[in-house]
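Heads up: the structure comes next, in structure tokens.
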Amino acid sequence: MSVQARNNVVVKGQGPLTLVFAHGFGCDQNMWRLVEPAFAGRYRTVLFDMVGCGKSDVSAYDVEKYSTLAGYARDIVEIIQEFGEGPVVFVGHSVGAMAGAMAANLSPGLIGAHAMVGPSPSYINDLDYPGGFTREDIDALLSTLENNYLGWSSAMAPSIMGNPEKPELGAELTNSFCQTDPDIAKRFARVTFLSDSRADVRELSGPVLVLQSSDDFIAPRAVGEYLTGVIADCRMVVIENEGHCPHLSQPAACIDAIQTFLTHTCGHLSA
Amino acid sequence: MSVEAVGIPDAEALYQQAPCALVLTNDKGLILKVNQTFCHWLGYTHEQLVGVRKLQELLTVGGRIFYQTHWMPLLVMQRSITEVKLDFLTADGKVTPMVLNAGRREHQGQVFDEVSAFIVADRIRFEQELLQAKRQAEDALQRHVVLERELNRQRELAVDRALFAEQMIGIVSHDLRNPLQVVSMAAQYLRSLDMTERQSTMLSHIGEATARSQRLINDLLDFTQARIGQGLAVNRAPVQLDRAIAAAVGSLRLLYPHRDIVFSASDEALFCHADADRLAQLLGNLVANAMTYGDGTSPVEVRVSAAQGTVEIAVHNVGEPIDEAELGSIFSPMTRGSELGREVRSVGLGLFIVSEIAKAHGGVVEVVSSALAGTTFTTRFPAYASAG
Numbered sequence: 646m647s648v649q650a651r652n653n654v655v656v657k658g659q660g661p662l663t664l665v666f667a668h669g670f671g672c673d674q675n676m677w678r679l680v681e682p683a684f685a686g687r688y689r690t691v692l693f694d695m696v697g698c699g700k701s702d703v704s705a706y707d708v709e710k711y712s713t714l715a716g717y718a719r720d721i722v723e724i725i726q727e728f729g730e731g732p733v734v735f736v737g738h739s740v741g742a743m744a745g746a747m748a749a750n751l752s753p754g755l756i757g758a759h760a761m762v763g764p765s766p767s768y769i770n771d772l773d774y775p776g777g778f779t780r781e782d783i784d785a786l787l788s789t790l791e792n793n794y795l796g797w798s799s800a801m802a803p804s805i806m807g808n809p810e811k812p813e814l815g816a817e818l819t820n821s822f823c824q825t826d827p828d829i830a831k832r833f834a835r836v837t838f839l840s841d842s843r844a845d846v847r848e849l850s851g852p853v854l855v856l857q858s859s860d861d862f863i864a865p866r867a868v869g870e871y872l873t874g875v876i877a878d879c880r881m882v883v884i885e886n887e888g889h890c891p892h893l894s895q896p897a898a899c900i901d902a903i904q905t906f907l908t909h910t911c912g913h914l915s916a
Numbered sequence: 020m021s022v023e024a025v026g027i028p029d030a031e032a033l034y035q036q037a038p039c040a041l042v043l044t045n046d047k048g049l050i051l052k053v054n055q056t057f058c059h060w061l062g063y064t065h066e067q068l069v070g071v072r073k074l075q076e077l078l079t080v081g082g083r084i085f086y087q088t089h090w091m092p093l094l095v096m097q098r099s100i101t102e103v104k105l106d107f108l109t110a111d112g113k114v115t116p117m118v119l120n121a122g123r124r125e126h127q128g129q130v131f132d133e134v135s136a137f138i139v140a141d142r143i144r145f146e147q148e149l150l151q152a153k154r155q156a157e158d159a160l161q162r163h164v165v166l167e168r169e170l171n172r173q174r175e176l177a178v179d180r181a182l183f184a185e186q187m188i189g190i191v192s193h194d195l196r197n198p199l200q201v202v203s204m205a206a207q208y209l210r211s212l213d214m215t216e217r218q219s220t221m222l223s224h225i226g227e228a229t230a231r232s233q234r235l236i237n238d239l240l241d242f243t244q245a246r247i248g249q250g251l252a253v254n255r256a257p258v259q260l261d262r263a264i265a266a267a268v269g270s271l272r273l274l275y276p277h278r279d280i281v282f283s284a285s286d287e288a289l290f291c292h293a294d295a296d297r298l299a300q301l302l303g304n305l306v307a308n309a310m311t312y313g314d315g316t317s318p319v320e321v322r323v324s325a326a327q328g329t330v331e332i333a334v335h336n337v338g339e340p341i342d343e344a345e346l347g348s349i350f351s352p353m354t355r356g357s358e359l360g361r362e363v364r365s366v367g368l369g370l371f372i373v374s375e376i377a378k379a380h381g382g383v384v385e386v387v388s389s390a391l392a393g394t395t396f397t398t399r400f401p402a403y404a405s406a407g
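If you read the sequences in order, they're chains A and B. To convert, count from 1 in the first sequence and add 645; that's our numbering. To convert, count from 1 in the second sequence and add 19; that's our numbering.
Structure representation (structure tokens):
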């Protein structure tokens, strides 16, 4: 099976520098639909779906391999090796950003810089570390997610109600966007909310941009500040946004911040 | 034509009392309008919600994550969501599952999310029972798969062991032929010497035992060849069947000097293509069988006949019929009459080899057995092998 088919890799833009976009927990590469086109004119843009999400090849879902973030990171290394040109800029959302950090450490030189949207290396409070949740919170969350069977399956293939104005998604996508096998969603939730990537982010050497939402219940501001403290070369940009998906709700601000980062910090990177 | 609506509550009253929760929020989730049904279900007053609380703040922690990771992206991307289940918390902290539909609309330049919801407590219980049943079924399937894998492994081991045992039989019986040959030749040499009567008797015991051992070993060799190799090898050549069988009967009479063997042929000069040695072996095994299981006083009959290109060799004995339950497996190796309390005469390969010889000639062997008619084994095969 090809890497392309396994991860539904799509190469869109062309340019001397490659941007690889990784989605987080929930949904798929369509999450970048409002951001990626802004870069496709000047950069080589690569999008993909994590195995088990979107239009990835579900038959490639190996329970053992994907029981930790390392399995996803190995896939990312293979995607960049095949579709990246020179050191790439890895644009990752949430857990996708952490898989990118792990991939950077697995294969040094592959990723030149990271733009992290709503990243959190660990969700559970630990001594001085302010993850935002207690272990009990996370256990309750996981059991809620595990019991929300219909929430994962049928509701994720919604039909359009009434007469929606300007749907951002083409009709061809409405039935696959966010649609996930409930069993895989359950496992991915465990990987996402129980992993601890703090050691991985501390090792990052390339420049890192953290796009922090002003009000994000999943990745609170204290976590963004923690990252700027432990990563050698890290800057944080706070976006006025409520929620965990500023790339959907405040795409223009995200595009500006990423573009500034690319122009001022990633000039040395190109194929 | 229109029906005049007399006494129908106005739209606002219908909204407030609707049998489902109706909520209007801005695109951040802030509640802008809510009906009494929703307030009543969650135990809040209108004032506690409108302009104060966001929809997502009324959810459990799991519900809020789901809202952030799925609800919000779906609303932004496709502007509508249907049938999403979310757990709400009532004012006094009770979990209340609801199923929600939502649509995003613009009105005078502002974005609004319209949400309808209803409580699904009973459905959730049913759903959870279904889920549990599904999990149990999956567990059972998993156990079944593991078991099947183990069975297959055991089966492969058993097949390996059986193959090894059969090869062992082949090797041992082959290696036993040489020492037996030496015993047989030495016994023959001793026959030319002067001996006492007692010595002579002992010598003929040695001769008979050696001959029997050789037959058993040949049976074993044929068995392994039939089982492991490509079936029994036969060399078909032109044979005058009546003569060949008559000669074989002659030899058998020497082997069973105290028993009658009656031979008859339907015609003289019955020609066919067959392996005469193998047919003699076939006849020997059938006659041995008849001697063992027949009544011991009546003659054993051997008949040869031919009709329409098929030749037939039948061996008949009088005596207790073969048990019906045994007829089906009588030609399988290691099968022998179970009623016998007497000395066991062979390891049960004789009839298996008979059927293999018949098969190698493109034919079959059948058995008919009854108290009245006795037992008849009939071998039939085409007189001439068809080309190929």
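C-beta atoms are modelled at their ideal positions from N, C-alpha and C, and glycine is treated no differently.
Check                                                                                                                                                                              : Outcome
Name the chain B residues whose beta carbon is nearer than 7 Å to that of A:Met-676?                                                                                               : Pro-92
Shortest alpha-carbon distance to B:Phe-290 belongs to which of B:Pro-276, B:Glu-167 and B:Val-258?                                                                                : B:Val-258
Suppose you measure from the CA of B:Leu-95 to the CA of B:Asn-45; what does that come to, to the nearest Å?                                                                       : Here residue 95 of chain B turns out to be Val, not Leu, going by the sequence shown. So the two alpha carbons sit approximately 12 Å from each other.
Is B:Lys-52 helix, strand or coil when you go by DSSP?                                                                                                                             : strand
Going by DSSP, what residue range makes up the alpha helix (DSSP H) through B:Pro-92?                                                                                              : 91 to 97
With H, G and I counted as helix, E and B as strand and the rest as coil, what does DSSP make of A:Cys-879?                                                                        : strand
According to DSSP, is B:Glu-385 helix, strand or coil?                                                                                                                             : strand
From what residue to what residue does the beta strand (DSSP E) around B:Ser-283 run?                                                                                              : 280 to 284
Compile a chain-ordered list of the residues in the region 757 to 785 of chain A whose CB is closer than 9 Å to at least one CB of chain B.                                        : Phe-778, Asp-782, Ile-783 and Ala-785
In whole angstroms, what is the alpha-carbon distance linking B:Glu-76 and A:Asp-707?                                                                                              : 36 Å
Just the Cα atoms here: how many angstroms apart are A:Ile-783 and A:Leu-714?                                                                                                      : 17 Å
Could you check if A:Gln-857 is buried or exposed, using at least 16 other CB atoms within 10 Å of its CB as the buried criterion?                                                 : buried
What's the C-alpha gap between B:Ala-267 and B:Glu-375?                                                                                                                            : 19 Å
Quick one: is A:Phe-735 near chain B, going by C-beta distance under 9 Å?                                                                                                          : no
Helix, strand or coil: how does DSSP classify B:Ser-223 here?                                                                                                                      : helix
Residues in the region 875 to 887 of chain A with C-beta within 9 Å of chain B's C-beta atoms, listed in sequence order?                                                           : Glu-887
Could you please give the first and the last residue of the uninterrupted beta strand (DSSP E) stretch that includes B:Ile-138?                                                    : 129 to 138
Can you look up A:Leu-849 in the DSSP assignment and give me helix, strand or coil?                                                                                                : coil
Taking Cβ positions only, does B:Val-80 come closer than 9 Å to chain A?                                                                                                           : yes
Would B:Ile-247 and B:Leu-199 qualify as a contact pair, given that the criterion is a beta-carbon distance under 9 Å?                                                             : no
Alpha carbon to alpha carbon, what distance is there between A:Val-846 and A:Gly-869?                                                                                              : 12 Å
Check each residue of the region 846 to 867 of chain A: if its Cβ is closer than 7 Å to any Cβ of chain B, include it; give the result in chain order.                             : Phe-862 and Ile-863
Can you name the residues of chain A whose CB is closer than 8 Å to the CB of B:His-126?                                                                                           : Residues of chain A passing the Cβ test: none, with the nearest at roughly 10 Å.
Indicate whether the contact test is met: 3 or more Cβ pairs, each with one atom in the region 116 to 133 of chain B and one in the region 147 to 161 of chain B, closer than 8 Å. : no
According to DSSP, simplified to helix, strand and coil, what is B:Asn-120?                                                                                                        : strand
From the DSSP secondary-structure annotation, give me the bridge partner or partners of B:Gly-393.                                                                                 : B:Ser-389
Where does B:Glu-277 land, buried or exposed, given buried means 16+ other C-beta within 10 angstroms?                                                                             : Here residue 277 of chain B turns out to be His, not Glu, going by the sequence shown. Flag for B:His-277 reads exposed.
Tell me, which residues are paired with B:Lys-104 by DSSP?                                                                                                                         : B:Val-118
Any beta-carbon of chain B closer than 9 Å to the one on A:Gly-669?                                                                                                                : yes
For A:Arg-689, which option in A:Val-762, A:Thr-825, A:Val-648 and A:Pro-661 has the closest C-alpha, if you only look at C-alpha atoms?                                           : A:Pro-661
Contact criterion: CB-CB distance below 9 Å. Does B:Arg-83 meet it with respect to chain E?                                                                                        : The structure shown contains no chain E; its protein chains are A and B.
Start and end of the alpha helix (DSSP H) containing B:Ser-270?                                                                                                                    : 260 to 274
Between B:Arg-210 and B:Ser-270, what straight-line distance do the alpha-carbon atoms span, to the nearest angstrom?                                                              : 20 Å
Have a look at the DSSP bridge pairing and note the partners of A:Gly-664.                                                                                                         : Position check: residue 664 of chain A holds Leu in this sequence, whereas Gly was assumed. Answer by DSSP bridge pairing, in chain order: A:Thr-690 and A:Val-734.
So, does the CB of A:Ser-788 fall closer than 9 Å to a CB anywhere in chain B?                                                                                                     : yes
Sort A:Ile-725, A:Gly-669 and A:Leu-679 by Cα distance to A:Val-691 and report the nearest one.                                                                                    : A:Ile-725
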